[in-house]
Amino acid sequence: MKLEAAFRLLRRNAGQSMSLNRDGDVFHIPLSYLFYIEVYGHRLIYHSMEGDITMSTSQTLSMLEEELGKHGFVRCHKGYLINLRYVDALEGNSLRLDGKELTVSRSRRKTVLQALLEYTKGEKRDA
Amino acid sequence: MLEFLQALIRTDFMQGMLIASLTFLLPLHKKPDWKRRFLGVTAVSLLVSFVLTELAVAWGWTIWTKIPYFAAPLAASLAVFLLCSEGGASDGCYGMGCAYAAQHIAFCVTVILWGEQGRFQSSPLRTVMEWPVYLAVFVLCYYLFGRKLPVDGRYGVHWRKALFFTGSVLCVALALNRAVRKAWEMEPEERRVVRVNVRREHGAAFIQVENYYNHPLAVEQNAIQTTKEDKTEHGYGLRSIQSVTERYGGTMDIETEQDRFLLSILIPLPKALT
């Protein structure tokens, strides 16, 4: 398990990143540092390796989903957009990511699984 | 009478029964040493397969159609067992034996009912018939022998683990079986290749099987549609793999590139294992 995680870290490409502007402070986060994005009220919480960043933006999770979909992110619940890279386990209606249990909605389970399969195939090709 | 016995052996009925009974009836489970149990099971299965293949040759049956069929499920079981069972050795062993036996017996029943042809041709009735058999054997084995198998000498086999192993073993076995069958018809000989990749990724068993095709195929990403459209190319094999994969909470997809065929399967591991 630990070895698997270490390889995942090695393989992460710092290529794509996103900029978050919060009251003038600009954060640059490589996408590979993002664990998942959570909706909290009208704000978005970016859970990343550098800590959690709460943002109040006009951006919705659906917009982000469209943007990040091709970078290995998938919506597993109406409130979560997850980075497939960090998925550690998936069973029933929950998945484990960064040591946390996140709910997977029934309607999205199939999509998440397919995305994970697609992502794993991609990882194999890159390695 | 002799003809009947020959038919029985040819239809794998004997193999299934022998392997099942040897796997579960030999007092292997009384030895807590899982390595011995595992080796015992493997050796006995191999021996039985070997003897039956020899008999088949003696009676004039083609050996080459039989050998990949024997080897595929066994190799698959071994791969899954070695790669995916961390610490759950007895469970892996148990699941392997179970799946192996169940597969053989199910095949036998269907072949007895529908003849030699039935194994290769898709028939809806067959698929319907097959599953209760798989499940019945599994449940039976679990209740008869599952509780006796000690894990760390303390508690019985966790049904989720056993179920996962049974599922993934069956998937690999079916996928391989199908690929081997396809590969065996290939010309020239150097294209009789099947590439297999089994890994543990993202808390799931990731299985890939790749083989060549005789002629280029035009296949969409969606596996189910192709199965329906073209019954000769995607007959029983893919649909069966799909149904097993889904039954165990996984997903699969197929990819074709000119004359190559890549099948990928992902089955999430139960939490008890991750």
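Sequences listed follow chains A and B, in order.
Read left to right, the first sequence gives residues 427 to 553 (my numbering).
Read left to right, the second sequence gives residues 1247 to 1520 (my numbering).
C-beta atoms are modelled at their ideal positions from N, C-alpha and C, and glycine is treated no differently.
Using only CA atoms, which one of 484(A), 538(A), 478(A) and 464(A) lies nearest to residue 502(A)? For the purposes of this step, residue 502(A) is taken as residue 76 along the first sequence, with counting starting at 1. If we check each option's Cα against that of residue 502(A), 538(A) comes out closest.
Measuring straight from C-alpha to C-alpha, what distance separates residue 513(A) and residue 543(A)? For the purposes of this step, residue 513(A) is identified with residue 87 of the first sequence, where counting begins at 1. For the purposes of this step, residue 543(A) is identified with residue 117 of the first sequence, where counting begins at 1. Roughly 12 Å between the two C-alpha positions.
Does the stretch 482-492 of chain A come close enough to the stretch 519-538 of chain A to have 3 or more Cβ pairs within less than 8 Å? no
Which residues in the same chain as residue 1370(B) place their Cβ atom closer than 7 Å to its Cβ, once the five residues preceding and following it in sequence are excluded? Along the second sequence, read from residue 1 onward, the residue named residue 1370(B) stands at position 124. Because the pLDDT of residue 1370(B) is 44, which lies under 50, any placement of that residue in the model is unreliable, and the number read from its coordinates should be weighed accordingly. Once the five neighbours on either side are set aside, residue 1370(B) has no close Cβ partner at all.
For residue 481(A), collect the residues of the same chain with a Cβ closer than 7 Å to its Cβ; drop the 5 residues on either side in sequence, then sort them by chain order. Within the first sequence, numbered from 1, the residue matching residue 481(A) stands at position 55. Hits under 7 Å: 446, 448, 469, 470 and 472.
Who are residue 477(A)'s beta bridge partners in DSSP? Locating residue 477(A) in the first sequence gives position 51, where the first residue counts as 1. According to DSSP, residue 477(A) bridges with 474(A).
Looking at the unbroken alpha helix (DSSP H) that takes in residue 487(A), where does it start and where does it end? Residue mapping note: residue 487(A) aligns to position 61 of the first sequence, counting from 1. Where residue 487(A) is concerned, the enclosing alpha helix (DSSP H) stretches over 487-494.
Please identify the residue among 494(A), 534(A), 547(A) and 467(A) whose C-alpha is closest to the C-alpha of residue 458(A). Looking up residue 458(A) in the first sequence gives position 32. Of 494(A), 534(A), 547(A) and 467(A), the residue nearest in Cα terms is 494(A).
Could you work out which residues of chain A lie near residue 1510(B), taking near to mean beta carbons separated by less than 7 Å? Walking along the second sequence from the start, residue 1510(B) turns up at place 264. Within chain A, the residues near residue 1510(B) are 543 and 547.
Hey, does residue 513(A) have any beta-carbon neighbour from chain C nearer than 7 Å? Absent here is chain C; the protein component of the structure consists of chains A and B.
Specify the secondary structure class of residue 545(A) as computed by DSSP and reduced to three states. Along the first sequence, read from residue 1 onward, the residue named residue 545(A) stands at position 119. Three-state DSSP puts residue 545(A) in a helix.
Of the residues 1487(B), 1450(B) and 1442(B), which one's Cα is nearest the Cα of residue 515(A)? The sequence position of residue 515(A) within the first sequence is 89, counting from 1. Nearest of 1487(B), 1450(B) and 1442(B) to residue 515(A), Cα basis: 1450(B).
Which residues, in order along the stretch 520-532 of chain A, keep a beta-carbon less than 9 Å from a beta-carbon of chain B? 520, 521 and 522
Can you list, in chain order, the residues of its chain with a C-beta nearer than 6 Å to that of residue 1507(B)? Leave out the 5 residues immediately preceding and following it. Position 261 of the second sequence, counting from 1, holds the residue named residue 1507(B). Around residue 1507(B): 1457 and 1459.
From the DSSP output, in three-state form, read off residue 520(A) for me. The count along the first sequence starts at 1 and reaches residue 520(A) at position 94. Strand, per DSSP.
Whole-angstrom Cβ separation of residue 474(A) and residue 504(A), contact assumed at under 8 Å? Along the first sequence, one-based indexing puts residue 474(A) at 48. Along the first sequence, one-based indexing puts residue 504(A) at 78. Not confirmed; about 21 Å, so no contact.
Element boundaries [beta strand (DSSP E), containing residue 1454(B)]: On the second sequence, residue 1454(B) is found 208 positions in, with the first residue counted as 1. First-last of the beta strand (DSSP E) with residue 1454(B): 1450-1458.
Taking only three categories from DSSP, how would you classify residue 529(A)? For the purposes of this step, residue 529(A) is taken as the residue at position 103 of the first sequence. In the structure shown, residue 529(A) sits in a strand (DSSP, three-state: E or B).
Could you check where the beta strand (DSSP E) with residue 443(A) kicks off and where it finishes? Taking the first residue of the first sequence as position 1, residue 443(A) is located at position 17. Element bounds for residue 443(A): 443-448.
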